[in-house]
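A short worksheet on the structure shown next.
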Amino acid sequence: MIKQAKEHDTLVIEEILLDAVMWMEKNKLQNQWNACGMYGYN
16 MIKQAKEHDT
26 LVIEEILLDA
36 VMWMEKNKLQ
46 NQWNACGMYG
56 YN
């Protein structure tokens, strides 16, 4: 089930996503979002 985040949750979600992007860039994995077939194009 997908539910809409509450307004105060938005900052936490943004921080988590930013941390993930920064970690991926640091580990040379920045292209993994597309390479893993995220959009169903394996």
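Each residue of the sequence shown is one higher than the one before, counting from 16 in our numbering.
C-beta: ideal position from N, C-alpha, C; glycine also.
Pairwise C-alpha distance: residue j and residue i
i     : j     : result
GLU40 : GLU29 : 16 Å
ASN57 : LYS21 : Because the pLDDT at ASN57 is just 46, under 50, the model does not fix this residue reliably, and the value given afterwards should be weighed accordingly. Approximately 34 Å, taken between the alpha carbons.
LEU32 : ILE17 : 17 Å
LYS43 : VAL36 : 10 Å
THR25 : GLN19 : 10 Å
TRP38 : HIS23 : 24 Å
Terminal residues of the alpha helix (DSSP H) in which residue i lies
i     : result
LEU44 : No alpha helix (DSSP H) contains LEU44, which DSSP labels as neither H nor E.
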